[in-house]
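Asks: Structure below; questions to follow.
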Ligand code: FDM
Ligand code: MG
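Put into structure tokens, the structure is as follows:
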């Protein structure tokens, strides 16, 4: 199997982490696979993002947007070298989250997309669409910035605007196993 760049997107509580893990397990049956997650909070830039998300620091909307983008750019050599050496990547959030969360604050969507121009393009985007009711049943949102119902609604509507033909829009209200099967079907693996 040729290495693929697969991005998993969705709102909070959509089940991205569990589905990414299951997907990596499934794909590893047919070749090398690795999981990446953005923001990567372990780098210097990532630590600034983490402080912002936990409201331990404040930054203006443009500055934090550019940090999220920088956090992807600092991983680009690693991403490219893995793909070139045949490692499929499953990525928990990427440029689409970058654009959707910042545009939901009122920033211009075109401006939001621009800093990510030139980053690797995905072979497939899996969007896990969770309803508000089920997100609440799953324990509701946490305490981080952005984890508010009104805001998540706005983010979802921007994701809808970003949707392209290579997206699989998957109902994430179903059981973990069902959602996993749908993802596997969408990827044709
Ligand atoms: N987020 C994530 C952004 O606002 N921009 C980005 O570029 C990325 C990758 O950060 F609310 C938001 C989405 C989410 C928050 O993400 C932290 P995780 O997946 O919950 O760690
Ligand atoms: Mg979160």
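In the UniProt record's numbering, the protein residues as written are 1 to 189.
Just so you know, even glycine gets a beta-carbon here, dropped at the ideal spot from N, CA and C.
Between the stretch 102–117 and the stretch 16–27, do three or more beta carbon pairs fall short of 8 Å?
Replies: Because the criterion of three Cβ pairs below 8 Å is not met, the stretch 102–117 and the stretch 16–27 do not touch.
Asks: Just to check, is the beta-carbon of residue 94 closer than 8 Å to a non-hydrogen atom of the ligand FDM?
Replies: On the chain shown, position 94 is the one that residue 94 refers to. Residue 94: yes, Cβ under 8 Å from the ligand FDM.
Asks: What three-state label does DSSP hand residue 190 in the structure shown?
Replies: Nothing can be reported for residue 190: it is not among the residues displayed for the chain, which extend from 1 to 189.
Asks: Inspect the CB distances between the stretch 69–81 and the stretch 124–140 and report whether three or more fall short of 8 Å.
Replies: The answer is no - the stretch 124–140 does not touch the stretch 69–81, with fewer than three Cβ pairs under 8 Å.
Asks: Any idea if residue 150 is buried or exposed, counting beta-carbon neighbours within 10 angstroms, 16 or more meaning buried?
Replies: Counted from its first residue, the chain shown places residue 150 at position 150. Exposed: under 16 other Cβ atoms inside 10 Å.
Asks: Rounded C-beta distance between residue 10 and residue 179? I'm assuming under 8 Å.
Replies: Numbered from its first residue, the chain shown carries residue 10 at position 10. Numbered from its first residue, the chain shown carries residue 179 at position 179. That pair is no contact at about 10 Å.
Asks: DSSP three-state label for residue 171, please.
Replies: Translated into the one-based positions of the chain shown, residue 171 becomes position 171. Here residue 171 sits in strand by DSSP.
Asks: Per DSSP, what are the beta-bridge partners of residue 37 in this structure?
Replies: Here the question's residue 37 lines up with position 37 in the chain shown. DSSP output for residue 37 lists 92 as bridge partner(s).
Asks: Considering only heavy atoms of the ligand FDM, does any lie closer than 8 Å to the CB of residue 69?
Replies: Position 69 of the chain shown, counted from the first residue, corresponds to residue 69. At least one heavy atom of the ligand FDM is nearer than 8 Å to the Cβ of residue 69, so yes.
Asks: Over the uninterrupted beta strand (DSSP E) stretch that includes residue 56, give me the two end residues.
Replies: Taking the chain shown and counting its residues from 1, the one referred to as residue 56 is at position 56. Unbroken run through residue 56: none, as it is neither H nor E.
Asks: By Cβ distance, which residues of its chain are closer than 6 Å to residue 7, with the 5 residues on each side in sequence left out?
Replies: Here residue 7 refers to the residue found at position 7 when the chain shown is read from its first residue. 91, 94, 122 and 125, listed in sequence order.
Asks: Less than 9 Å separating the beta-carbons of residue 39 and residue 71?
Replies: Here residue 39 refers to the residue found at position 39 of the chain shown. Here residue 71 refers to the residue found at position 71 of the chain shown. A contact, by the Cβ cut-off of 9 Å.
Asks: Keeping to the same chain, check which residues put their C-beta closer than 7 Å to that of residue 144; ignore five residues upstream and five downstream.
Replies: Walking along the chain shown from the start, residue 144 turns up at place 144. Contacts found: 53 and 54.
Asks: Would you say the beta carbon of residue 61 comes nearer than 8 Å to a heavy atom of the ligand MG?
Replies: As a position in the chain shown, residue 61 is number 61, starting the count at 1. Every heavy atom of the ligand MG is 8 Å or more from the Cβ of residue 61, so no.
Asks: Which same chain residues, not among the five before or five after residue 101, have their C-beta less than 7 Å away from its C-beta?
Replies: For the purposes of this step, residue 101 is taken as residue 101 along the chain shown, with counting starting at 1. Contacts found: 146 and 155.
Asks: What are the start and end residues of the alpha helix (DSSP H) that includes residue 11?
Replies: For this step, residue 11 is matched to residue 11 along the chain shown. No alpha helix (DSSP H) holds residue 11; DSSP gives it neither H nor E.
Asks: For the ligand MG, is there a heavy atom less than 8 Å away from the beta-carbon of residue 129?
Replies: Translated into positions along the chain shown, residue 129 becomes position 129. Not so, every heavy atom of the ligand MG lies at least 8 Å from the Cβ.
Asks: Whose C-beta lies closer than 8 Å to the C-beta of residue 34 among residues of the same chain, with five residues either side of it excluded?
Replies: Residue 34 sits at position 34 when you count from the first residue of the chain shown. Result list for residue 34: 24, 82, 87, 88, 89 and 90, in chain order.
Asks: Between which two residues does the alpha helix (DSSP H) containing residue 4 stretch?
Replies: As a first step, residue 4 must be located in the chain shown, where it is residue number 4. That residue, residue 4, is in no alpha helix (DSSP H); it is neither H nor E in DSSP.
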